[in-house]
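The numbering used here puts the first residue of the sequence shown at 13, with every later residue one more than the last. We put the beta carbon where it would ideally sit given N, CA and C, even for glycine. Working notes, structure below.
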Amino acid sequence: GIPRHGLWRDTHPSVAAPARQALAELEAAGAKLLDFDAPELHEAGERYLAGELVQPERSESLERHLPGWTAILDPTVGKRLESAHQVSAVDYIAILRLRRRLSASLHARMEALAVELLATPTLPITPPPLSALSELDVYRAVNRDMLSGTGPASMLDMCAVSLPAGLDEHGMPVGLQLIGRTGTDHGLLDRAVLAEEVLGTNLERLGTPPLAPMPR
Numbered sequence: 013g014i015p016r017h018g019l020w021r022d023t024h025p026s027v028a029a030p031a032r033q034a035l036a037e038l039e040a041a042g043a044k045l046l047d048f049d050a051p052e053l054h055e056a057g058e059r060y061l062a063g064e065l066v067q068p069e070r071s072e073s074l075e076r077h078l079p080g081w082t083a084i085l086d087p088t089v090g091k092r093l094e095s096a097h098q099v100s101a102v103d104y105i106a107i108l109r110l111r112r113r114l115s116a117s118l119h120a121r122m123e124a125l126a127v128e129l130l131a132t133p134t135l136p137i138t139p140p141p142l143s144a145l146s147e148l149d150v151y152r153a154v155n156r157d158m159l160s161g162t163g164p165a166s167m168l169d170m171c172a173v174s175l176p177a178g179l180d181e182h183g184m185p186v187g188l189q190l191i192g193r194t195g196t197d198h199g200l201l202d203r204a205v206l207a208e209e210v211l212g213t214n215l216e217r218l219g220t221p222p223l224a225p226m227p228r
């Protein structure tokens, strides 16, 4: 299924093009593609980026497994944890209920239309150089974009895999994300192996990655 909402619409054209080319090759090899109405993915992505679920769970995990680490985190990460304690128990329970409702709705439609997988670009933009991310506000905006591709599946507790699709106009790798229903991890990986046989491995599809000069 090709979701009509969200990521395909918001992806930069030079990033979307290799992903669409990969889909065309899979279709030529026998995959059945159809446009799929998935507003739940868009809403789940927005709520994921709002941090109502992720931030308190991430903060709790750090405090439980790595006590004391929060104080020494890089500021770009530490600042993202500051709002974790602002999420109330009521809000947390509400987002869990919304998650279940969105997941049930999306899974029911996928089952009704016999949609096994959803396909999207893995990222909507070209990863910027680190030198462009020195300002915290810029980092936050770019980080939001970078998470918008994988966030919806994470929010809905679905499984996903990214396959190399090609290179964008800057020569950076583009991924095609395949999203499976909750609990279908093994089936998704089986399909990913079949897709890789059509598309080729990362080296075959993308070539040898350039290496940054090693510091002396």
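Apply the 10 Å Cβ neighbour rule to residue i and answer buried if 16 or more other Cβ atoms are within range, or exposed otherwise.
{"i": "residue 169", "result": "exposed"}
{"i": "residue 183", "result": "exposed"}
{"i": "residue 36", "result": "exposed"}
{"i": "residue 217", "result": "buried"}
{"i": "residue 88", "result": "exposed"}
{"i": "residue 180", "result": "buried"}
{"i": "residue 15", "result": "buried"}
{"i": "residue 160", "result": "buried"}
{"i": "residue 141", "result": "exposed"}
Give a yes or no on whether the C-beta atoms belonging to residue i and residue j are separated by under 8 angstroms.
{"i": "residue 38", "j": "residue 207", "result": "yes"}
{"i": "residue 1", "j": "residue 18", "result": "Nothing can be reported for residue 1, as the shown portion of the chain is limited to 13 through 228."}
{"i": "residue 189", "j": "residue 132", "result": "yes"}
{"i": "residue 30", "j": "residue 178", "result": "yes"}
{"i": "residue 163", "j": "residue 61", "result": "yes"}
{"i": "residue 192", "j": "residue 200", "result": "yes"}
{"i": "residue 99", "j": "residue 67", "result": "yes"}
With DSSP as the reference, identify every bridge partner of residue i, one or two as the case may be.
{"i": "residue 132", "result": "189"}
{"i": "residue 172", "result": "191"}
{"i": "residue 14", "result": "47"}
Whole angstroms are fine: how far does the CA of residue j sit from the CA of residue i?
{"i": "residue 102", "j": "residue 157", "result": "28 angstroms"}
{"i": "residue 153", "j": "residue 144", "result": "12 angstroms"}
{"i": "residue 81", "j": "residue 210", "result": "44 angstroms"}
{"i": "residue 126", "j": "residue 119", "result": "10 angstroms"}
{"i": "residue 69", "j": "residue 86", "result": "19 angstroms"}
{"i": "residue 22", "j": "residue 134", "result": "12 angstroms"}
{"i": "residue 111", "j": "residue 197", "result": "19 angstroms"}
{"i": "residue 147", "j": "residue 55", "result": "28 angstroms"}
{"i": "residue 113", "j": "residue 76", "result": "29 angstroms"}
Grouping DSSP H, G and I as helix and E and B as strand, with all else coil, what is residue i?
{"i": "residue 179", "result": "strand"}
{"i": "residue 137", "result": "coil"}
{"i": "residue 205", "result": "helix"}
{"i": "residue 82", "result": "helix"}
{"i": "residue 127", "result": "coil"}
{"i": "residue 160", "result": "coil"}
{"i": "residue 54", "result": "helix"}
{"i": "residue 63", "result": "coil"}
{"i": "residue 89", "result": "helix"}
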